[in-house]
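Q: Order-wise, the sequence lines are chains H, C and U. Read left to right, the first sequence gives residues 0 to 261 (numbering that gives the first Met the number 0). Read left to right, the second sequence gives residues 0 to 59 (numbering that gives the first Met the number 0). Read left to right, the third sequence gives residues 0 to 220 (numbering that gives the first Met the number 0). Here it is, the structure, as structure tokens.
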Amino acid sequence: MTASTPSSEQPVPGVRGSALHRFANPARFLRLARAVQPWLLAVTLVSLLAGLYFGLVASPIDYQQKDTVRIMYVHVPAAWMAMFGYSTLAIASAVGLIWKHPLADLAGKAAAPIGAGFTIIALATGSLWGKPTWGTWWVWDARLTSVVVLLFLYLGYIALWNAFEQPQRGAKAAAVLALVGIVNLPIIKFSVDWWNTLHQPASISRIGTPAIDPAMLTPLLLMAVAYLGLFLLLLLLRMRVELAERRVAALQLSRSRAGESR
Amino acid sequence: MAEFFAMGGYAAYIWPAYGIAAGVIIGLFVWSWRGLARAERAEAALGRRERRRVPKVERT
Amino acid sequence: MSGFFAILGRDLRLARVESGGALLAVQFFALGILLFPLGLGPEPGMLSRLGGGLLAVMALLATLLALDRLFQQDHDDGTLDLLRTSPAPLWSVVLGKALAHWLLTGGPMIVTAPLLGVLLQMSWPAIGGLCAALALGTPTLSLVGAIGASLTIGARRGGVLLALLVLPLYIPVLIFMSGTVTAAETGLAFGAHVSILGAILLLSLVLAPWASAVALRQIGE
């Protein structure tokens, strides 16, 4: 059990009353997280096991891609989570900048490594899917290229958080960057699509997603639910880490101040 | 069973793909749990030192 | 509006005082281009095919050079604090600084581009397309770069960090700049490329000063 200060139950000063701000109090947020977690874990495990079963065992092979289509079940949901992660990051940044919700910045910081992880999964599994289907480990098509750019947007955000002496400055700068990034993402996607049609080699066109057999939808959606559950579980866990680290930093600060005053 | 693992000859691509996905996700969990344990240990240590110092301040 | 011109004039005067320091970016631009024939070989036809893309990429990198100093000096000597509390809107200050930056980097690059294009054995239509591309693209690079500069003031490893933050945002400009060069050569869709570059520039003119101002204000809080 973490040590809680006597003031942990009082409302956070200066925070306007609103539905969102009821969870501005870290202790309250942690209680909510603890309540939600078992259900989330259950849903995640069930959908993960079912998804793996349907994906690896009980679903048909693709006419052209044969068994390699099974990689789609770990690849496509990862790409979805990569985008979901960045949206989460951007929304958290907006909430932090506009409404000054105290936990919003931390939510963004917590989400970033998770989103980056799923982006890496999407790239690696996409490459492994590509080799048997297209013949090369990497292909400069619009989707893969956009995902690489997304990875760099994540890394830039994470780097900015850690780039300042004062964590507060890193938080605010990263938040602005996230919003600039989310505005730029459609522009980047559009320009990469454009670039792809300009330079398209004749042999490779709209590859990747086969015509979806309904029997393939089941494992795909199950894995998508599982991935979302994993993302949220990781997010709650990382929020706890960030909150704990913030408490440690606060204790260290008050210790050094107490040392100075004597 | 062997047929299942062979995955129609594409085993070399399918299993590493699932493996990397699992590896990254498990890695994120492990990294986060260890970070949490470390932070809670540090918090407990700092909290102990705080409580030990309080009596001295009251004396002055 | 007076704030805009005041900042513009001040930045240009400061750049002149640094004599020679101001045109470093265009020297890097030219030197970088020189590296490619040395690295790739002077095979006829290859350089001219690659030329548009190479010059566009070098334009991106050269623009980055002067960016980390855009706000750093003013932050260090306290001018930024004064500017934040002055009646002139912060976005106009950013706009003035971005224009000064462009006059010292993008402008000289547009002037030297034809010479470098000749060195890379590019055709005249391609060089023309390149100049149009740079004319519309480099101001965007300065504007978007200003956002990055405002975010990394006082950051550890600020220069490299700035590049990492800003280069992904530069990708659309890169794609359409080199696309313009190709379009000028083939005669296909030149108008489309130029229009899109123009649209991106207009969008940056509106959003970049405002976003930078938001970032600058966060420093004070």
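Heads up, the beta-carbon is just placed ideally off N, CA and C, and yes, glycines get one too.
Secondary structure at U:R9, three-state DSSP: helix, strand or coil?
A: Here residue 9 of chain U is taken as the residue at index 10 of the third sequence, counted from 1. In the structure shown, U:R9 sits in a helix (DSSP, three-state: H, G or I).
Q: Grab the span of the alpha helix (DSSP H) containing U:T139 for me, first residue to last.
A: In the third sequence, the residue the question calls residue 139 of chain U occupies position 140. Per DSSP, U:T139 belongs to the alpha helix (DSSP H) from W123 to L150.
Q: Go through its chain and collect everything with a Cβ distance to H:A111's Cβ below 7 Å, but skip five positions before and after it.
A: As a working note, residue 111 of chain H is residue 112 in the first sequence. The answer, listed in chain order, is L88, Y153, Y156 and I157.
Q: By how many angstroms is the C-alpha of H:G95 removed from the C-alpha of H:P76?
A: In the first sequence, counting from the first residue as 1, residue 76 of chain H sits at position 77. In the first sequence, counting from the first residue as 1, residue 95 of chain H sits at position 96. Whole-angstrom Cα-Cα distance: 28 Å.
Q: Could you tell me the alpha carbon to alpha carbon distance between U:S211 and U:G147, rounded to whole angstroms?
A: What you label residue 211 of chain U is simply residue 212 of the third sequence in a count that begins at 1. What you label residue 147 of chain U is simply residue 148 of the third sequence in a count that begins at 1. Each residue's alpha carbon lies about 8 Å from the other.
Q: Buried or exposed: which applies to H:P10, given that a residue is buried once 16 or more other Cβ atoms fall within 10 Å of its Cβ?
A: Walking along the first sequence from the start, residue 10 of chain H turns up at place 11. At H:P10, the pLDDT of 49 sits below 50, so the modelled position is not reliable and the matter cannot be decided from this model.
Q: Under the rule that 16 or more other beta-carbon atoms within 10 Å means buried, what is H:S202, buried or exposed?
A: Within the first sequence, residue 202 of chain H is the residue found at index 203, counting from 1. Its pLDDT being 42, under 50, H:S202 is placed unreliably by the model, and nothing is read from it.
Q: Please compile the residues from chain C whose C-beta is within a distance smaller than 8 Å of the C-beta of H:G116.
A: For the purposes of this step, residue 116 of chain H is taken as residue 117 along the first sequence, with counting starting at 1. Chain C residues near H:G116: V23, I24, G26 and L27.
Q: Answer with yes or no whether the minimum CB distance from C:A16 to chain B is below 7 Å.
A: Protein chains H, C and U are contained in the structure displayed, whereas chain B is not.
Q: Please confirm if U:L54 has its CB atom under 7 Å from at least one CB of chain H.
A: Walking along the third sequence from the start, residue 54 of chain U turns up at place 55. No - not a single Cβ of chain H is within 7 Å of the one on U:L54.
Q: Quick one: residues in its chain with C-beta nearer than 6 Å to the C-beta of U:W209, no 5 flanking neighbours on either side, listed in chain order?
A: Taking the third sequence and counting its residues from 1, the one referred to as residue 209 of chain U is at position 210. Only W90 meet the Cβ criterion.
Q: Any chance the stretch 118-133 of chain H sits against the stretch 8-18 of chain C, with 3 or more Cβ pairs inside 8 Å?
A: Judged by Cβ distances under 8 Å, the stretch 118-133 of chain H makes contact with the stretch 8-18 of chain C, as three or more pairs qualify.
Q: Can you tell me whether DSSP reads H:K108 as helix, strand or coil?
A: Within the first sequence, residue 108 of chain H is the residue found at index 109, counting from 1. H:K108: helix per DSSP, three-state reduction.
Q: Between the alpha carbons of C:F4 and C:A11, how many angstroms are there, rounded?
A: For the purposes of this step, residue 4 of chain C is identified with residue 5 of the second sequence, where counting begins at 1. For the purposes of this step, residue 11 of chain C is identified with residue 12 of the second sequence, where counting begins at 1. When rounded, the distance between both Cα atoms is 10 Å.
Q: Check for me: the alpha helix (DSSP H) holding H:Y72 runs from which residue to which?
A: Translated into the one-based positions of the first sequence, residue 72 of chain H becomes position 73. Taken as a continuous stretch (DSSP letters only), the alpha helix (DSSP H) holding H:Y72 covers M71 to I97.
Q: To the nearest angstrom, how far is the alpha carbon of H:A57 from that of C:F28?
A: By one-based count along the first sequence, residue 57 of chain H stands at place 58. By one-based count along the second sequence, residue 28 of chain C stands at place 29. One C-alpha to the other measures close to 29 Å.
Q: Under 9 Å between beta-carbons, which chain H residues line up against U:P138? List them in chain order, please.
A: By one-based count along the third sequence, residue 138 of chain U stands at place 139. Simply none; closest approach about 16 Å.
Q: Name the one or two DSSP bridge partners that H:K65 has.
A: Along the first sequence, read from residue 1 onward, the residue named residue 65 of chain H stands at position 66. Answer is H:D61.
Q: With a cut-off of 7 Å, does the C-beta of U:V92 fall near any C-beta of chain H?
A: For the purposes of this step, residue 92 of chain U is taken as the residue at position 93 of the third sequence. Output row for U:V92: interface = no.
Q: Reducing DSSP to helix, strand and coil, say where H:R15 ends up.
A: As a first step, residue 15 of chain H is located in the first sequence; it is residue number 16 there, counting from the start. Low confidence applies here, because H:R15 scores a pLDDT of 49, under 50, leaving its location unreliable; read the following figure in that light. In the structure shown, H:R15 sits in coil (DSSP, three-state: anything other than H, G, I, E or B).
Q: Whose Cβ in chain H lies nearer than 9 Å to the Cβ of U:L160?
A: Here the question's residue 160 of chain U lines up with position 161 in the third sequence. Result: G155, A158, L159 and A162.
Q: Any C-beta of chain U sitting closer than 7 Å to the C-beta of H:A172?
A: The sequence position of residue 172 of chain H within the first sequence is 173, counting from 1. Yes, contact with chain U.
Q: Could you spell out where the alpha helix (DSSP H) holding U:L37 opens and where it closes?
A: Counting from one through the third sequence, the residue named residue 37 of chain U turns up at place 38. Note, U:L37: alpha helix (DSSP H), L23 to L39.
Q: Would H:V138 count as contacting chain C if we go by Cβ distances under 7 Å?
A: Counting from 1 along the first sequence, the entry for residue 138 of chain H is found at position 139. It does not; no Cβ of chain C falls within 7 Å.
Q: What's the call for U:D76, buried or exposed, on a 16-neighbour Cβ count within 10 Å?
A: The residue labelled residue 76 of chain U in the question sits at position 77 within the third sequence. Flag for U:D76 reads exposed.
Q: What's the gap between the Cα of H:I187 and the Cα of U:F175?
A: Reading the first sequence from its first residue, position 188 is the one you call residue 187 of chain H. Reading the third sequence from its first residue, position 176 is the one you call residue 175 of chain U. Each residue's alpha carbon lies about 11 Å from the other.
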